[in-house]
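Asker: Note that our numbering has the first sequence beginning at 767, numbered continuously upward.
Beta carbons are placed, not taken as given, at the ideal position from N, Cα and C, and that holds for glycine.
For clarity, every value in this text was computed on a predicted model and none was experimentally measured.
Shown below is the structure under consideration.
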Amino acid sequence: MTKLFCQFGKLCFSAAAMTPVQPVRGTQSLLGEDADRLATVIAAFEKVRRLFGFRRVEVPTIEQTAVFARTIGETTDVVSKEMYSFEDRGGESITLRPEFTAGICRAYLSEGWQQYAPLKVATHGSAFRYERPQKGRFREFHQLDAEIIGAGEPQADVELLALADQLLKELGIEGAILQLNTLGDPETRAAWRDALYEHFRGHSSALSEDSQARLERNPLRILDSKAHQDWPIVDSAPVIDEFLTPEAAEFFRGVTEGLDAAGIRWERAPRLVRGLDYYRHTAFEFVTDRLGAQGTVLAGGRYDGLIEALGGPHTPAVGWAAGIERLAMMIGEPSRERPVVVIVPLGPRAELQGQAILAGLRREGVSADMAYRGNMKKRLSRANDAGASYALIIGDDELERGEAQLKDLSSGEQRSVALDLIVEAIGR
RNA sequence: GCGAUCGUAGCUCAGCUGGUUAGAGCAUCGGUUUGUGGUACCGAGGGUCGGGGGUUCAAGUCCCCUCGAUCGCCCCA
767 MTKLFCQFGK
777 LCFSAAAMTP
787 VQPVRGTQSL
797 LGEDADRLAT
807 VIAAFEKVRR
817 LFGFRRVEVP
827 TIEQTAVFAR
837 TIGETTDVVS
847 KEMYSFEDRG
857 GESITLRPEF
867 TAGICRAYLS
877 EGWQQYAPLK
887 VATHGSAFRY
897 ERPQKGRFRE
907 FHQLDAEIIG
917 AGEPQADVEL
927 LALADQLLKE
937 LGIEGAILQL
947 NTLGDPETRA
957 AWRDALYEHF
967 RGHSSALSED
977 SQARLERNPL
987 RILDSKAHQD
997 WPIVDSAPVI
1007 DEFLTPEAAE
1017 FFRGVTEGLD
1027 AAGIRWERAP
1037 RLVRGLDYYR
1047 HTAFEFVTDR
1057 LGAQGTVLAG
1067 GRYDGLIEAL
1077 GGPHTPAVGW
1087 AAGIERLAMM
1097 IGEPSRERPV
1107 VVIVPLGPRA
1117 ELQGQAILAG
1127 LRREGVSADM
1137 AYRGNMKKRL
1147 SRANDAGASY
1157 ALIIGDDELE
1167 RGEAQLKDLS
1177 SGEQRSVALD
1187 LIVEAIGR
């Protein structure tokens, strides 16, 4: 390939030696059934969302970089090395959203949504993270997101978890179990963190290399280390329950009792922590062993400090996000869309007549298609391959008589139908 | 950022320890008289073997670099 510099001074390639364009790494282009799987997940989410009275919101794909940097935490991997950030033509630092929560909270403040508090909202769409792609992980990926902003009661957590639970049931996903923990209030969390730090520092030489690195950066993360050598040290680590303030313990009890009352199965996961800094109190994940390394299918928690970090008033809130691709891998085959009838015209005149009937059927809401390629045999095969219920065969002889042959593809029965009665005959 | 495996036709893949002119199925296109049920015959087009360098009389095959993919680590939904 010949490298050239084009008129804009950028590196270009000569047209004569053009190679087919490559997709951007970690992006997906989906056809038919693969795309339907994502749509099926979204449809189920929308259904449950309405059932629970969550209002639909749309928020921008891009935000000022500070929106994410100030909420997610400057030291997290997401902010420090995975964001798609760029300077726009006005010199402003812009970031493609790596998640939804921060943007929704920004809108809550800047769009005056505080007047609707407590606000139950949900959305879905693309998010972006510069990561190494692997199973269930992409650079442009899709999330479902649900939030309750301005409600500090444990019942808000319960309602949000009930939404998640019902979504998974709606999708027929049985294998995902709710792992639940509390991170307590800031006081609790600080005390627990200090105790963990002391504990792990005392055993630091026995820890894996990764965990030794985590010790200074985020000791909580050692708790869910995958390195076997860390496990005995993790097992003997102090548990958060010893540090919970009475208020924090009371809050967590409110959540668990509410879940039990709602009939939602959960498991206590005392070592479950969250990756992002803004979480307080409730933390949870729906986890499965069916997705390889990316076992978390839906996760979230309470983030009472986030809105203050954006310069707003103290505002309690809970939310979760779910990976649409990961959910899509766990659902059954989406039902195939098949036309009711495929028109098989046997000549140019029949094709014109076919277009007229096709248009009529579609206007009546009957899904229809026309096979206009190949010989008779290929056209009929097309009707079969498409899974149609009927083939409407239009030949010149019948055209003369103003008729066509309607063939029931399941029984093989065939009958003549008048052309002007076809829409009714099929619609029945 | 790190590791493992893998890149051969549009797609899925064969191609043994290096050895004539790189194959198959599907798909595409053209036929088998444009009138009746999925899978049938015949034929054609299509590959700088991801890219670059090296070893060799000889490289799809061996070595190095590079790009890409998959899976894992990390991180996270």
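#1: What runs of the alpha helix (DSSP H), each 4 residues or longer, lie entirely inside the stretch 830 to 897?
#2: Short of 6 Å in beta carbon distance, which residues of its chain neighbour Glu906, apart from the five on each side in sequence? Order them along the chain.
#3: Where does the unbroken beta strand (DSSP E) through Ser1182 begin, and where does it stop?
#4: Taking the straight line between their C-alpha atoms, what separation do you get for Val823 and Ala1170?
#5: Counting C-beta neighbours from all protein chains within 10 Å, is the total for Cys772 16 or more, i.e. buried, or is it exposed?
#6: When the Cα of Ile1090 is compared with those of Thr954, Ala1059, Ala809, which residue comes out closest?
#7: From the DSSP secondary-structure annotation, give me the bridge partner or partners of Asn984.
#8: Ordered along the chain, which non-local residues of its own chain (more than five positions away) have a Cβ less than 6 Å from that of Ser922?
#9: What residues match up with Ala912 in a beta bridge as DSSP calls it?
#10: Thinking C-beta only, is Gly839 closer than 8 Å to Val833?
#11: Nearest CA to the CA of Val1153: which residue from Glu1103, Asp1055, Val1000, Arg1092?
#12: Measure the alpha-carbon distance for Ala928 versus Ala942 and round it to whole angstroms.
#13: What residue range is occupied by the uninterrupted beta strand (DSSP E) comprising Asp802?
#14: Return the chain-ordered list of same chain residues with a C-beta closer than 6 Å to the C-beta of Gln932, the five sequence neighbours on each side being excluded.
#15: Ile1109 bridges to which residues according to DSSP?
#16: Can you list, in chain order, the residues of its chain whose CB lies under 7 Å from that of Pro864, leaving out five sequence neighbours each side?
#17: Once DSSP output is grouped into helix, strand and coil, what is the label at Ile943?
#18: Taking the Cβ atom as the reference point for each residue, do His1047 and Leu1124 lie within a distance shorter than 8 Å?
#19: For the alpha helix (DSSP H) holding His969, just list the boundary residues, first then last.
#20: Taking 8 Å as the cut-off, decide whether the C-beta atoms of Thr861 and Ser851 are in contact.
#21: Given this structure, state the Cα-to-Cα distance separating Thr1096 from Ala912, to the nearest angstrom.
#22: What does the Cβ neighbour count give for His994, buried or exposed, with the cut at 16 atoms within 10 Å?
#23: Please report how far the alpha carbon of Asp996 lies from the alpha carbon of Val887, in whole angstroms.
#24: So, for Arg872: in the same chain, excluding its five sequence neighbours on each side, which residues have a beta-carbon less than 7 Å away from its beta-carbon?
#25: Could you spell out the range, first to last residue, of the beta strand (DSSP E) harbouring Lys1173?
#26: Output yes or no for whether 8 Å exceeds the beta carbon distance between Pro985 and Phe1009.
#27: Grab me the residues of Leu1175's own chain with a C-beta within less than 7 Å of its C-beta, minus the 5 sequence neighbours each way, in chain order.
Answerer: By the coordinates alone:
#1: 831 to 838, 843 to 847, 867 to 876
#2: Thr793, Ser892, Phe894
#3: 1180 to 1184
#4: 50 Å
#5: In this prediction, Cys772 has a pLDDT of 30, which is less than 50 and means its spatial position is unreliable; what the coordinates show is noted afterwards. Exposed: under 16 other Cβ atoms inside 10 Å.
#6: Ala809
#7: Asn984 pairs with nothing; no bridge assigned.
#8: Note that residue 922 is Ala in the sequence shown here, rather than Ser. Correct list, in chain order: Ile914, Val1084.
#9: Ala888, Trp1086
#10: no
#11: The identity of residue 1153 in the sequence shown is Gly, whereas the question assumes Val. The residue with the shortest Cα to Cα distance from Gly1153 is Glu1103.
#12: 14 Å
#13: Here Asp802 belongs to no beta strand (DSSP E); instead the alpha helix (DSSP H) covers 799 to 817.
#14: Val814
#15: Met1136, Leu1158
#16: Phe834, Val844, Glu848, Met849, Ala893, Phe894, Arg895
#17: strand
#18: no
#19: Where His969 is concerned, there is no enclosing alpha helix (DSSP H), given that its DSSP letter is neither H nor E.
#20: yes
#21: In the sequence as displayed, the identity of residue 1096 is Met instead of Thr. Met1096 and Ala912: Cα-Cα distance of roughly 20 Å.
#22: exposed
#23: 40 Å
#24: Glu829, Val833, Leu1076
#25: 1169 to 1174
#26: no
#27: Ala1149, Asn1150, Ala1154, Ser1155, Tyr1156, Ala1157
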